[in-house]
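One structure is given below, encoded as structure tokens.
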Amino acid sequence: MKDYRLSSWKKYPNELFYIAAMAALILQLLHLRYDLLLHFDKDLGLLSYSARSMVDALLLLLPYWLLPAKLRIYYVSIIVFLFSFWGLSQLWYYRTYDDLMPFSSFLLFDNISPLLLNSIKASMKLTDILFILPPFFLFILYWFLFVDTIKKTPVNSKKRVIYTISILLFAILIHLMNAYVFYSKMQNRTTCHLGIRYVNTVNYISYFDFNGFVPFCIHSFINTILEKRSLNIKEKEEIESFLSKYMLKYTDNQYAVKEKQNLIVIIVESLNSWLINFKLDSIEVTPHLNQLCQENNSILALHIQPQVKSGRSSDAHFMYNTGLLPINNGAVAVRFGEAEYPSLAKALKGYKSLSMVCDDAKYWNQETAFKSYGFTQLYDSRSMMNTSGNINDHILLEKAANQIKHVDFPFYAQLVTISMHYPYNTLEIPSTNISKSKLYTKDIRNFLEKAHFCDNAIGKFIQELKETGIYEKSLIAIISDHNEIDKNQIENRKETLPEDKEIAMIILNGSQKLNYTSKMEQIDIYPTLLDLMGANNYPWKGLGHSIFRKDSILLLPLEERRSYISDLIITKGYFKMK
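Just so you know, the sequence shown maps onto residues 1 to 578 in full-length UniProt numbering.
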């Protein structure tokens with residue numbers, strides 16, 4: 001038996017090493033299932049996922065049989081290294097953003113900031129070491145057992161052809177079965193729906209979950225190539241047919257505030273709705289926001305579903321200013337920041353427009369994107385405090401209160417906070433009695449401290465506006481950019497429901513007092529602000545619907561269809577062609 005094993009080892013070293021490399025990749029893919037995908041899809045079956053993972057490993061390593069012998073180990077090394085880097089990056093990214101990072105984001109070197117590095121550090125777990133153990137042991141195995149025998153044992157071309165064809169046929173079979181399982185569960189299906197699993201997706205993680213890594217790579221590559229094509233006649237007709245059917249065409253200003261009121265939009269980092277009126281040991285976490293909700297003519301909407309994608313905060317800025325959905329592949333502000341867009345600033349004829357941010361405007365391509373949104377002035381941490389780092393919300397809003405006193409009326413000012421940003425493992429601001437509580441984890445208490453800090457800064461800013469007389473001459477919208485710590489974490493529930501992710505909007509000095517209790521989306525904020533500012537003569541109403549006009553909507557588009565149309569508009573430069 002001993003001699004038989006030894007002879008087999010020496011006879012098939014290439015095949016055995018190939019199987020070992022496959023095993024390393026499959027173990028890494030299974031790690032991703034356990035530590036990432038099961039958080040997204042608790043019903044993800046082990047058997048079906050393992051079959052797709054086997055195909056992924058086979059296809060990733062397929063060139064092993066096509067390359068000259070001396071290049072094979074280099075190819076395996078590159079593939080295993082790149083996949084390990086991709087997998088670790090996705091583990092860390094998902095723990096913060098609940099989605100996979102698109103390939104285009106790996107090239108955003110300008111976004112590497114101290115805040116980003118701290119976020120990555122906070123996302124790391126000790127168990128992540130397990131992800132890099134399979135490739136580590138693979139190469140130990142290679143150098144001690146395979147390096148000499150592989151050199152001495154070539155694989156003839158006939159075998160290589162058989163292996164290649166067998167792998168491809170097996171991959172096709174598994175993916176046909178994968179497509180059919182999805183197809184068989186569809187209602188009102190036709191033959192053309194057989195491959196729908198491979199062309200339609202809500203987000204990156206769902207595509208990877210449904211189809212595996214290699215199809216995910218192919219899908220991302222094809223989408224990137226298709227984006228580079230010019231808008232053709234058929235696509236232009238698709239866009240205009242959609243807009244004609246779903247974008248309301250009204251010009252009345254029946255919900256507007258007084259003419260030529262200033263507009264101040266405070267975009268608050270990570271303001272989940274559950275924070276409003278939340279108490280910890282009888283301490284109000286957001287006392288100033290709670291009070292503002294009670295103001296005369298305040299408009300309160302606490303059931304907004306976030307729609308940001310890979311661009312996160314920058315996607316929110318994009319939606320609020322243009323009324324378009326962010327793109328599916330990458331960050332729109334980075335990839336299409338120079339494009340031409342209709343916008344809120346352009347709709348407010350005769351208004352001065354400025355934006356103030358807490359970080360360096362080079363991050364997320366803010367300087368270029370904000371110009372495209374129509375802002376004529378931009379103040380960042382470098383211009384306000386001569387630092388490339390971040391300034392906190394108190395400094396930002398103090399600077400803003402002083403700056404807008406010197407701006408001609410009417411103006412549109414967008415103020416972007418940052419103090420509530422992830423990570424929450426450390427606290428860079430003064431602590432309060434919130435930190436002394438025994439409730440919740442340290443991270444959650446730190447998040448509450450940051451919310452309290454931001455709330456205090458907003459309270460002081462509003463008071464300053466009242467003292468200078470700007471408050472009563474302004475519509476003030478306080479809007480979250482996206483969710484962060486969701487309500488299920490506060491209630492210690494594993495399952496995350498859509499309502500757990502809801503974010504907040506508080507509008508002061510509106511045309512009426514309103515507590516909007518129905519569901520709405522981030523895309524609805526742009527037309528709502530147009531309504532309130534009396535700017536409905538502007539033809540572009542966006543892809544959402546004003547909260548004042550939702551009762552008049554008889555037909556709503558499917559979310560995937562609306563996202564597809566928005567992608568076409570952005571990536572093909574629809575407004576530039578008009």
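Don't be surprised by glycine CBs; every beta carbon is placed ideally from N, CA and C.
In or out: residue 570 buried (at least 16 other Cβ within 10 Å) or exposed?
-> Here residue 570 refers to the residue found at position 570 when the sequence shown is read from its first residue. Burial call: buried.
Residue 547 and residue 524: beta carbons closer than 8 angstroms?
-> As a working note, residue 547 is residue 547 in the sequence shown. As a working note, residue 524 is residue 524 in the sequence shown. Cβ atoms of residue 547 and residue 524: closer than 8 angstroms.
Mind checking who residue 477 pairs with in its DSSP beta bridge?
-> Here residue 477 refers to the residue found at position 477 of the sequence shown. The partner list for residue 477 (beta bridge, DSSP) reads 265, 507.
Below 7 angstroms CB to CB, which residues in the same chain sit around residue 357 once its five sequence neighbours on both sides are set aside?
-> To locate residue 357, count along the sequence shown from 1; it is residue 357. Once the five neighbours on either side are set aside, the close Cβ partners of residue 357 are 366, 380, 416.
Taking Cβ to Cβ, would you say residue 213 is nearer than 8 angstroms to residue 100?
-> As a position in the sequence shown, residue 213 is number 213, starting the count at 1. As a position in the sequence shown, residue 100 is number 100, starting the count at 1. No, Cβ-Cβ distance for residue 213 and residue 100 is not below 8 angstroms.
Residue 255 to residue 231 span [Cα, whole Å] | On the sequence shown, position 255 is the one that residue 255 refers to. On the sequence shown, position 231 is the one that residue 231 refers to. Computed Cα separation, rounded: 36 angstroms.
Kindly list the residues whose CB is nearer than 8 angstroms to the CB of residue 6, restricted to its own chain and excluding five residues on each side of it in sequence; keep chain order.
-> Counted from its first residue, the sequence shown places residue 6 at position 6. Below a pLDDT of 50, predicted positions are generally treated as unreliable, and residue 6, at 48, falls in that range; no measurement from the model is reported.
Within the chosen definition, does the segment 451-458 reach the segment 284-292 through at least 3 CB pairs nearer than 8 angstroms?
-> yes
Taking the alpha-carbon positions, what's the residue 322 to residue 526 distance?
-> Here residue 322 corresponds to residue number 322 of the sequence shown, with the count starting at 1. Here residue 526 corresponds to residue number 526 of the sequence shown, with the count starting at 1. So the two alpha carbons sit approximately 7 angstroms from each other.
Residue closest to residue 347, alpha-carbon to alpha-carbon, out of 140, 84, 326, 411 | Walking along the sequence shown from the start, residue 347 turns up at place 347. Residue 347 has its Cα closest to that of 411, out of 140, 84, 326, 411.
Are residue 503 and residue 304 close, meaning C-beta to C-beta below 8 angstroms?
-> The residue labelled residue 503 in the question sits at position 503 within the sequence shown. The residue labelled residue 304 in the question sits at position 304 within the sequence shown. Cβ distance < 8 angstroms, so residue 503 and residue 304 count as in contact.
Range covered by the beta strand (DSSP E) that runs through residue 352 = Position 352 of the sequence shown, counting from 1, holds the residue named residue 352. Element bounds for residue 352: 352-357.
At least 3 beta-carbon pairs within less than 8 angstroms: the segment 299-317 vs the segment 453-468 = no
Report the three-state DSSP secondary structure of residue 5 (helix, strand or coil).
-> As a first step, residue 5 is located in the sequence shown; it is residue number 5 there, counting from the start. Unreliable placement is indicated for residue 5, whose pLDDT of 49 sits below 50; no coordinate value is reported for it.
Take the Cβ of residue 369 as the centre, count every other Cβ of all protein chains shown within 10 Å, and call the residue buried at 16 or more, exposed below.
-> Counting from 1 along the sequence shown, the entry for residue 369 is found at position 369. With 16 or more Cβ atoms within 10 Å of its Cβ, residue 369 is classed as buried.
Nearest to residue 501 by alpha carbon, out of 49, 226, 307, 539?
-> Position 501 of the sequence shown, counted from the first residue, corresponds to residue 501. Selected option, being the one with the closest Cα: 307.
Supposed close pair residue 353, residue 345 - CB separation, criterion 8 angstroms | If you number the sequence shown from 1, residue 353 lands on position 353. If you number the sequence shown from 1, residue 345 lands on position 345. That belief holds up - the Cβ atoms of residue 353 and residue 345 are roughly 4 angstroms apart, short of 8 angstroms.
Would residue 338 pass as a contact of residue 575 if the rule is Cβ separation under 8 angstroms?
-> Numbered from 1 along the sequence shown, position 338 holds the residue referred to as residue 338. Numbered from 1 along the sequence shown, position 575 holds the residue referred to as residue 575. No, they are not a contact pair.
Limits of the beta strand (DSSP E) - the one that residue 515 falls within | Counted from its first residue, the sequence shown places residue 515 at position 515. Element bounds for residue 515: 514-516.
Report all residues from its chain with a CB closer than 6 angstroms to the CB of residue 596; omit the five preceding and five following residues, and keep chain order.
-> Outside the shown range of the chain, which is 1 to 578, sits residue 596, and nothing can be said about it.
Hey, is the segment 79-99 in contact with the segment 126-140, meaning 3+ C-beta pairs nearer than 8 angstroms?
-> yes
Compute the distance between the beta-carbons of residue 429 and residue 419, then report whether it is under 8 angstroms.
-> For the purposes of this step, residue 429 is taken as residue 429 along the sequence shown, with counting starting at 1. For the purposes of this step, residue 419 is taken as residue 419 along the sequence shown, with counting starting at 1. Contact flag set, yes.
Cβ pair residue 612, residue 404 closer than 8 angstroms = Residue 612 falls outside the range modelled here, since the chain spans only 1 to 578, and no answer is possible.
Does DSSP put residue 575 in a helix, a strand or coil?
-> In the sequence shown, counting from the first residue as 1, residue 575 sits at position 575. Helix.
Top-ranked residue by Cα proximity to residue 441, from 408, 425, 142, 177 | Working through the sequence shown from its first residue, we reach residue 441 at position 441. The candidate whose alpha carbon is nearest that of residue 441 is 425.
Between the C-alpha atoms of residue 139 and residue 148, what's the straight-line distance to the nearest angstrom?
-> As a position in the sequence shown, residue 139 is number 139, starting the count at 1. As a position in the sequence shown, residue 148 is number 148, starting the count at 1. Roughly 13 angstroms separates the two Cα atoms.
Mind checking which residues open and close the beta strand (DSSP E) that includes residue 375?
-> Counting from 1 along the sequence shown, the entry for residue 375 is found at position 375. That residue, residue 375, is in no beta strand (DSSP E); it is neither H nor E in DSSP.
Per-residue burial, residue 446 [other beta carbons within 10 Å of its own, 16 or more giving buried] = By 1-based counting over the sequence shown, the position of residue 446 is 446. With 16 or more Cβ atoms within 10 Å of its Cβ, residue 446 is classed as buried.
Contact belief for residue 54 with residue 19 at Cβ below 8 angstroms, rounded distance in angstroms | Within the sequence shown, numbered from 1, the residue matching residue 54 stands at position 54. Within the sequence shown, numbered from 1, the residue matching residue 19 stands at position 19. No, residue 54 and residue 19 are not in contact; Cβ-Cβ is about 11 angstroms, not under 8 angstroms.
Residue 124 (DSSP reduced to helix, strand or coil) = Position 124 of the sequence shown, counting from 1, holds the residue named residue 124. Note: residue 124 maps to coil in three-state DSSP.
DSSP three-state call for residue 219: helix, strand or coil?
-> In the sequence shown, counting from the first residue as 1, residue 219 sits at position 219. Helix, per DSSP.
Rounded to whole angstroms, what's the CA-CA distance from residue 208 to residue 174? Just pull it up for me.
-> In the sequence shown, the residue the question calls residue 208 occupies position 208. In the sequence shown, the residue the question calls residue 174 occupies position 174. Approximately 15 angstroms, taken between the alpha carbons.
Please classify residue 627: is it buried, with 16 or more other beta-carbons within 10 angstroms of its beta-carbon, or exposed?
-> Summary: the structure shown does not reach residue 627, with the chain confined to residues 1 through 578, and so no result is reported for it.
Look up residue 439 in the DSSP assignment and say whether it is helix, strand or coil.
-> As a position in the sequence shown, residue 439 is number 439, starting the count at 1. The answer is coil: DSSP assigns residue 439 none of H, G, I, E or B.
Count the other CB atoms within 10 Å of the CB of residue 177; is the residue buried (16 or more) or exposed (fewer)?
-> In the sequence shown, counting from the first residue as 1, residue 177 sits at position 177. Classification of residue 177: exposed, given that the 10 Å Cβ count is below 16.
Skipping 5 residues on each side, what residues in its chain have a beta carbon closer than 6 angstroms to that of residue 242?
-> Here residue 242 is taken as the residue at index 242 of the sequence shown, counted from 1. Answer for residue 242: 565, listed in chain order.
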